[in-house]
Structures are given as structure tokens and as C-alpha cells.
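In this note's numbering, the protein residues as written are 75 to 504. Take a look at the structure set out below.
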Amino acid sequence: MKQFLLTLTLVFSAQADWKQWRGPSGDGHTDANLPTRWSEDHNVKWRTPIPGKGWSSPVIEGNQIWFTTAFETLATEAETKERLKKNTGGVPVYVLSKVRLHAVCIDKQTGKLLHNLEVLVKNEPQWVHKLNSYASPTPIIENGRLYCHFGANGSACVDTRAGKVVWRNQEVEVQHENGPGSTPVLWKDLLIFHMDGSDQQFVVALDKATGKERWRTARSGTMHENPQLKKSYGTPIIRTIKDRPVLLSPGSNWLYAYDPANGKELWKVEYGGLGFSLVPRPVTGHGMIFMSTGFMRAKLLAVRYENTAKPDIAWSYTRSVSTQPSPLLVGDELYFITESGGLVTCLDAHTGEKHWVERIGGNYSASPTHSNGRIYFHSREGVTTVLQAGKEFKVLAKNQLEGQHMASAAVDGNAILLRTDKALYRIETE
75 MKQFLLTLTL VFSAQADWKQ WRGPSGDGHT DANLPTRWSE DHNVKWRTPI PGKGWSSPVI
135 EGNQIWFTTA FETLATEAET KERLKKNTGG VPVYVLSKVR LHAVCIDKQT GKLLHNLEVL
195 VKNEPQWVHK LNSYASPTPI IENGRLYCHF GANGSACVDT RAGKVVWRNQ EVEVQHENGP
255 GSTPVLWKDL LIFHMDGSDQ QFVVALDKAT GKERWRTARS GTMHENPQLK KSYGTPIIRT
315 IKDRPVLLSP GSNWLYAYDP ANGKELWKVE YGGLGFSLVP RPVTGHGMIF MSTGFMRAKL
375 LAVRYENTAK PDIAWSYTRS VSTQPSPLLV GDELYFITES GGLVTCLDAH TGEKHWVERI
435 GGNYSASPTH SNGRIYFHSR EGVTTVLQAG KEFKVLAKNQ LEGQHMASAA VDGNAILLRT
495 DKALYRIETE
């Protein structure tokens with residue numbers, strides 16, 4: 075099996091199942107040779123309509139593709155008005171009287187629907203942002219178990235072979251304000267996720283076999299006194315740093331490092347300014363952690379941890395920084411795209427020096443994917459723009475699908491799997 079070593083002693087293979095958000099390494103990379111061009115009637119092996127509503131990305135194990143979705147019952151106008159009296163934010167939201175949260179399984183070869191399981195039900199769930207959904211966090215799959223997370227609405231484990239729920243936990247709650255967004259990670263026997271609400275902010279680990287809470291660590295860094303500026307929606311990533319596993323965990327105003335075994339804080343780095351409602355997942359390489367600080371005053375930070383006694387900020391970049399899609403590191407170049415307008419930036423990862431900034435158009439929530447020297451950016455409008463990776467800007471293709479595209483891609487063999495609000499597509503060269 076062909077293998078290669080990433081900077082942080084991270085090995086994965088081209089044939090590895092896509093078990094978590096952004097793939098085997100959690101950073102959007104694949105060795106696959108993905109197609110460059112497609113349309114509704116070209117290079118689409120199958121297209122399966124999707125039930126419900128959700129923005130979670132597909133995950134794959136064996137012959138199964140899994141994702142989550144929500145079946146919504148809207149609140150009445152009177153109920154909405156009454157419940158929103160507690161809303162202190164200023165963003166557009168929608169309110170439900172009930173939500174049924176499902177895990178959906180598709181046969182990866184045929185596109186046939188195999189399972190549509192109700193895993194959790196929540197009456198009067200918190201409101202969510204109109205661009206969000208109740209099934210936005212991506213599940214994670216391992217050894218016949220699918221771990222689904224829906225923020226304050228709960229978490230659940232599914233036996234993927236039997237198609238049955240193993241456990242449920244609806245005891246971990248915060249006030250999200252904009253709905254759930256943080257995706258979980260697995261480490262040994264733990265399921266770990268962020269709960270950064272306006273009311274309280276912490277990281278928590280559940281026993282993956284039982285769903286019982288194993289540890290909980292409150293955020294220790296100072297934050298703005300306004301509760302709306304304390305919330306965040308980031309996803310952690312685990313890397314080996316100085317010969318030990320470290321949970322890299324972005325929250326409001328701070329990047330934290332924890333011991334994943336027990337939640338002990340190892341160190342933290344302040345952003346040097348306001349940073350909240352953070353969504354992008356960090357990426358790592360060259361002895362640094364690359365991350366966006368979130369909304370309002372977004373910065374792209376390179377946090378150095380090698381050859382230094384204490385992690386610090388090596389460089390920062392402040393123009394047209396991504397607030398939703400995660401960055402992508404390809405060799406010595408770092409790429410990111412703005413949520414609005416599709417402005418792509420390519421920087422030297424070592425120094426932060428700008429190579430180019432170009433507009434490809436569209437609006438973006440999905441994180442990009444790298445395959446064989448090509449970068450795939452997926453817009454909400456259903457357009458995937460394929461760029462040549464490198465110090466010179468070059469568009470290779472633009473591909474249009476129907477529907478709204480919020481989820482990040484998944485990869486199976488040399489096929490790319492794309493979820494829109496209407497369908498799941500398997501796209502591969504015919």
C-alpha cells in the first residue's frame with residue numbers, strides 16, 4: 075500500500091475509506107485521480123435524491139456511504155415570536171416546534187438507499203441561522219459504528235451493519251445561537267467535540283462505546299463580555315506534536331491544545347484580537363498550525379510550534395480571509411477562499427507572502443479538496459471550480475450541478491461524492 079508521511083507523522087493511503095470530515099487526514103487531501111469535468115448528464119454514475127435537510131458531509135466505510143439529515147416541523151408564527159424574545163443576536167434564524175434527526179445510508183456502488191434511521195428527536199429545539207441546518211456536523215465512522223453529533227440536540231451511535239441505534243446522549247447542552255456546527259473527532263475510545271455556546275464554552279469527550287461523558291474541560295481564555303462574541307463552531311484536529319498526541323482546538327479568541335486522553339490544557343495562543351463564530355478547521359504543516367480566527371475581523375494565522383519553547387504566531391494575514399471554508403495546504407502553498415464572492419488567495423506557507431489573489435465567483439461554505447495537483451472549490455450555487463495548484467493562478471474547469479451545495483466533498487476510489495440540498499452524486503470518469 076502506497077503511503078506518504080505528512081509533516082506531523084500522519085500517514086494515510088489513497089485507498090483509505092473517507093471516514094471523517096475532510097478525509098483520512100482531516101485536511102482535504104486525497105491521492106485519488108478525481109475527474110476534472112462533469113455536469114448533470116456527464117460523468118455522473120448515479121444521483122440519489124436526499125430525504126430531509128442537512129449540510130453534513132458524506133463519510134464512507136466499506137460499501138456504505140452515511141450522512142445525517144433533519145426532518146423539520148416549523149413552529150407557528152405565534153410560537154416563533156414568543157421564543158425569539160430570548161434571541162439576543164441580529165442574524166436571520168428560523169424556529170421549529172420539533173426536529174427528527176436521521177442517519178441515512180447509501181450503497182456506494184449503486185446509489186440505492188439502504189437505511190433512513192431516526193436517531194434522535196427534539197421538541198422545541200434551539201433556532202438556527204437560515205444558512206445553517208439541524209444536521210450540519212459531519213458524522214464519523216469506524217469499525218461498523220457511526221457517531222452522529224447534532225450539537226445541543228444530542229449525539230448518537232449507530233451500528234452500521236445492523237442499522238440500529240446503539241446509544242443516545244442528549245445531556246450535553248449549550249446555547250448555540252446559530253445552531254450546531256462543530257464536527258466530532260475520535261481518539262482511541264473517545265468521541266470528542268466542541269460545545270462553544272454564548273452561555274458556556276467547553277470541550278467534552280464521550281465514551282464511544284456507551285455515550286457516557288468521560289471528561290469535560292472549560293475554555294480558560296478571556297473572551298468578550300458580549301455573549302454573542304463567545305460562541306464558536308470550530309472542529310478540532312489531532313496531531314502528534316513533540317512526540318505526543320495533541321488535540322488542536324480553536325475557540326473564540328484562542329487556539330487551545332489539549333491532551334485528548336483527559337482534556338488537560340497543554341497550552342493556548344491568543345489570536346491578538348477579536349475572533350468568534352469560528353468555523354474553519356485548522357490544517358498543519360512545516361511545524362505550524364494554519365487557521366482562520368472567525369468572523370468580523372478575520373485573520374489567517376500561522377502558529378509555530380516547532381523549534382520554539384512556547385507556541386507563538388509566526389505570521390498573520392488579514393485580507394479577504396475565509397470565515398467558513400477551511401484552508402488547504404498543498405506543499406509550500408496555503409489556499410483559502412472567502413465565504414462571499416469567491417475570492418481565492420494563495421500564500422507562501424512559510425512566510426505568509428502573497429502569491430496571488432483571484433476571484434472565481436460564487437459563495438462558499440464547503441471546504442476545498444486537493445487531488446493530484448488540482449484544487450476543487452464547491453460553491454453554494456452548485457458550481458465546482460477546479461484550479462491548478464501552484465504559484466500561478468489557472469482555472470482548469472467549472473462544473474455545474476443542480477441545487478444548493480453546502481457540504482464538503484467525500485472521495486471513494488477515483489470518484490468524488492457531492493451532496494447538494496437535492497441529491498447525493500457519485501461522479502467519476504466514464
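Using N, Cα and C, we set each Cβ at its ideal position, and we do this for glycine too.
Cβ shell of residue i (< 6 Å), same chain only, five flanking positions each side left out
i, result
"Glu504", "Asn117"
"Thr257", "Trp95, Pro211, Thr212, Thr309"
"Met297", "Lys304, Ser326, Asn327"
"Glu38", "Lying before the first or after the last residue shown, residue 38 is absent from the chain, which here runs from 75 to 504."
"Leu265", "Tyr221, Pro258, Leu280, Lys282"
"Cys179", "Gln138, Trp140, Leu188, His189"
"Trp389", "Ala376, Gly426"
"Met365", "Pro324, Pro356, Leu375"
Counterpart residues of residue i in DSSP-defined beta bridges
i, result
"Asp270", "Gln275"
"Thr234", "Looking at the DSSP assignment, Thr234 forms no beta bridge with any residue, so it has no partner."
"Gln200", "In the DSSP output, where bridge partners are listed per residue, Gln200 has none listed."
"Ile312", "Leu321"
"Asp181", "Gln138"
"Met365", "Leu375"
"Arg111", "Looking at the DSSP assignment, Arg111 forms no beta bridge with any residue, so it has no partner."
"Arg219", "Glu216, Asp233"
"Ala388", "Bridge partners of Ala388: none, in fact."
"Phe467", "DSSP, once it has assigned bridges, lists no residue as partnering Phe467."
"Leu352", "Note: Leu352 sits in no beta bridge, so no partner."
Contact check, residue i vs residue j, beta carbons under 9 Å
i, j, result
"Pro199", "Val173", "yes"
"Leu352", "Gly426", "no"
"Gly271", "Ala226", "yes"
"Glu59", "Asp422", "The structure shown does not extend to residue 59, since the chain is modelled only from 75 to 504, so the question has no answer here."
"Phe276", "Val248", "yes"
"Gly436", "Arg454", "yes"
"Val167", "Trp201", "yes"
"Leu191", "Lys127", "no"
"Gly228", "Leu175", "yes"
"Ala497", "Ser131", "no"
"Arg290", "Gly347", "no"
"His444", "Val404", "yes"
Coil, strand or helix - residue i by DSSP
i, result
"Lys428", "strand"
"Ala152", "helix"
"Gly446", "In the sequence on display, residue 446 carries Asn and not Gly. Here Asn446 sits in coil by DSSP."
"Leu475", "coil"
"Arg157", "helix"
"Gln302", "helix"
"Gly359", "strand"
"Asn252", "coil"
"Ile283", "The residue you asked about is not Ile; residue 283 is Ala in the sequence shown. It is coil, neither helix nor strand."
"Ala226", "helix"
"Ala331", "strand"
"Ile501", "strand"
"Leu205", "coil"
"Asn243", "strand"
"Tyr438", "coil"
"Ser453", "coil"
"Thr59", "Absent from the model: residue 59. The displayed extent of the chain is 75 to 504, so no value can be given."
"Trp95", "coil"
Beta carbon proximity, residue i to chain C, threshold 9 Å
i, result
"Phe267", "No chain C appears in the structure shown, which is made up of a single protein chain."
Per-residue burial, residue i [other beta carbons within 10 Å of its own, 16 or more giving buried]
i, result
"Trp92", "buried"
"His479", "buried"
"Val182", "Reading off the sequence, residue 182 comes out as Lys, not Val. The residue is buried, with at least 16 neighbouring Cβ atoms inside 10 Å."
"Gln474", "exposed"
"Pro125", "exposed"
"Ser113", "exposed"
"Trp430", "exposed"
"Pro354", "buried"
"Val377", "buried"
"Ala144", "buried"
"Ser207", "buried"
"Arg219", "buried"
"Met370", "exposed"
"Arg313", "buried"
"Ser400", "buried"
"Asn243", "buried"
"Thr392", "exposed"
"Asp317", "exposed"
Contacts around residue i, its chain only, beta-carbon distance under 7 Å, and the 5 residues preceding and following it disregarded
i, result
"Asp486", "Trp92, Ile134, Lys182"
"Glu502", "Pro109, Asn117, Lys119, Asn488, Ala489"
"Asn381", "Gly361"
Close beta carbons around residue i, own chain, < 8 Å, minus the five adjacent residues each side
i, result
"Ser323", "His268, Val277, Gly308, Pro310, Leu329, Tyr330, Ala331, Tyr332"
"Glu153", "Val169, Ser171"
"Lys384", "Trp341"
Any non-hydrogen atom of the ligand COA closer than 8 Å to residue i Cβ
i, result
"Pro442", "In the structure shown, the ligand COA is absent, as is every other ligand, since no ligand is present at all."
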